[in-house]
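J.: Just so you know, my numbering puts 110 at position 111 of the sequence shown, and the rest follows in order with no gaps. Note that beta-carbon positions come from the ideal geometry of N, C-alpha and C, so glycine has one too. Nothing here was measured: the structure is a model prediction, and the numbers come from that model. Questions regarding the structure given below will be posed in turn.
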Amino acid sequence: MKEQGIKILYGILAIGILISIFHIFNDKNGSGLGNVIDTFTITSLILFISTIVFILLSFKNNIKKISVWFLLILSCPLAVMSMTHLTKEFSLKMTETTTPKEFNYNVKIEPNLYRRDKIKIQNLVDSLIKVKTIQKPSELALRFFNGKTYNDTIKRYWAIDLPTNIEYKESIIDTLFYSENGKDIKAGLLINKVFNEYINYPTGGIEFNGKGFIYNNDSIKPFTMLKYSVSGSTYKSCSEELKYIYFKQIGASEKNYNMNDIRFLKSN
0 MKEQGIKILY GILAIGILIS IFHIFNDKNG SGLGNVIDTF TITSLILFIS
50 TIVFILLSFK NNIKKISVWF LLILSCPLAV MSMTHLTKEF SLKMTETTTP
100 KEFNYNVKIE PNLYRRDKIK IQNLVDSLIK VKTIQKPSEL ALRFFNGKTY
150 NDTIKRYWAI DLPTNIEYKE SIIDTLFYSE NGKDIKAGLL INKVFNEYIN
200 YPTGGIEFNG KGFIYNNDSI KPFTMLKYSV SGSTYKSCSE ELKYIYFKQI
250 GASEKNYNMN DIRFLKSN
């Protein structure tokens, strides 16, 4: 029984190595390395916990076995890193925001005005999505508006730079942030409902893509899209992940200001 236990532990290691080799030879577009790292991390975590349990179940017989300690030491670094990361992630998930209370956004906007502003910004987003990159100025540009795509002669340099390999269905403003006096829209979260042909291939399917943005009504290019984007199979999952990044993770991990931080809103 004891020998079977050790064989199981080595079997876990062997499976992890085989899966990693599979990723090295089969993954494309640069995803191989990331998948190998993920595989080793998961394997180390499972192996570390399994080895600890194995030692505890038969402490006297296993405490002096070199092979058991080899597996424990081998799996320990990645396992500890993984558990530390998971603990931090769980703590962040449970936190409403990492923005300090004294800098937390608390501007109150009249609900009807907020709804009207969301619709106004959604319509503006629709009219500015860059659906096609135009190589020659004389060519007509594709313009997306109100769920339809058509040709016009608008110069596209001021359009919103969003992915062009998906079919846009709807633009949704998830959240808006205002200046301290409540008069000017300063930033927000945008979610696009899109059709992606690579989901449920070959039939394709609907997904939701989200991004943060800075808004300047006085600029010829009013939207500045921020670098972090997320995708989700539902609007809710996309919205939750966006808020996790822009209200929690940025302030905790990068030591920068979250979007709901008045210092961020004042600087943009």
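What are the start and end residues of the beta strand (DSSP E) that includes ASN195?
T.: It spans 184–195 - the beta strand (DSSP E) in which ASN195 sits, taken as one unbroken run.
J.: By the DSSP assignment, the alpha helix (DSSP H) with THR86 in it spans what residues?
T.: Here the alpha helix (DSSP H) through THR86 covers 65–93.
J.: I'd like to check one pair, GLN248 with ILE172: are the Cβ atoms closer than 8 Å?
T.: In this structure, GLN248 does not lie closer than 8 Å to ILE172 by Cβ.
J.: So the alpha helix (DSSP H) PHE263 belongs to, where does it begin and stop?
T.: From DSSP, the alpha helix (DSSP H) with PHE263 extends over 261–265.
J.: How is the beta strand (DSSP E) around ASP173 delimited, first residue to last?
T.: Note, ASP173: beta strand (DSSP E), 166–177.
J.: For PHE212, list the residues DSSP reports as bridge partners.
T.: Beta-bridge pairing links PHE212 to GLY187, MET224.
J.: Taking only three categories from DSSP, how would you classify GLU109?
T.: In this structure, GLU109 counts as coil in the three-state DSSP scheme.
J.: Go ahead and pull the three-state DSSP assignment for ASN34.
T.: It is helical.
J.: Does the Cβ-Cβ distance between LYS117 and LEU175 come in under 8 Å?
T.: For LYS117 and LEU175, yes; Cβs fall inside 8 Å.
J.: Based on DSSP bridge pairs, tell me the residues matched to SER230.
T.: For SER230, which the question treats as bridged, DSSP gives the partners ASN208.
J.: Check the DSSP bridge columns for ILE159 and list the partner residues they point to.
T.: Answer is ILE128.
J.: Assuming ILE261 and TYR104 form a contact by the criterion Cβ under 8 Å, report the distance between their Cβ atoms to the nearest whole angstrom.
T.: The pair is a contact, with the Cβ atoms about 6 Å apart (cut-off 8 Å).
J.: Within 10 angstroms of its Cβ, does ILE159 collect 16 or more other Cβ (buried), or is it exposed?
T.: Looking at its Cβ environment, which holds 16 or more other Cβ atoms inside 10 Å, ILE159 is buried.
J.: Mind checking whether THR42 and LEU85 have CB atoms under 8 Å apart?
T.: No, these two residues do not count as a Cβ contact at 8 Å.
J.: Assuming the contact rule is C-beta atoms closer than 8 Å, GLY203 and ASN191 should be a hit. Round their C-beta distance to whole Å, please.
T.: Actually they are not in contact, since the Cβ atoms of GLY203 and ASN191 sit about 16 Å apart, beyond 8 Å.
J.: Starting from ILE219, follow the alpha helix (DSSP H) in both directions and report where the run begins and ends.
T.: Per DSSP, ILE219 belongs to no alpha helix (DSSP H) and is neither H nor E.
J.: Can GLY231 and PHE207 be called in contact, C-beta distance under 8 Å?
T.: Yes, these two residues count as a Cβ contact at 8 Å.
J.: Who are the near neighbours of ASN257 in its chain, counting only those whose CB is closer than 8 Å to its CB and skipping five residues on each side?
T.: Cβ neighbours of ASN257 beyond the five flanking positions: THR96, THR97, THR98, TYR245, PHE246, LYS247, ILE249, GLY250, PHE263.
J.: Quick one: using the 10 Å Cβ neighbour count with 16 as the cut-off for buried, is THR233 buried or exposed?
T.: Per the 10 Å Cβ criterion, exposed.
J.: Select from ILE36, ASN259, LEU189 the residue whose C-alpha is nearest the C-alpha of LYS119.
T.: Ranking the options by Cα distance to LYS119, first place goes to LEU189.
J.: Can you tell me the Cα-Cα spacing of LYS210 and TYR197, whole angstroms?
T.: Those two C-alpha atoms are separated by around 20 Å.
J.: Across which residues does DSSP place ILE122 in a beta bridge pair?
T.: The sequence shown places Asn at residue 122, not Ile. Looking at the DSSP assignment, ASN122 forms no beta bridge with any residue, so it has no partner.
J.: Between LYS100 and VAL79, what straight-line distance do the alpha-carbon atoms span, to the nearest angstrom?
T.: Approximately 32 Å, taken between the alpha carbons.
J.: Assuming LEU46 contacts LEU70 (C-beta within less than 8 Å), just tell me the rounded distance between them.
T.: Yes, they are in contact, since the Cβ atoms of LEU46 and LEU70 sit about 6 Å apart, within 8 Å.
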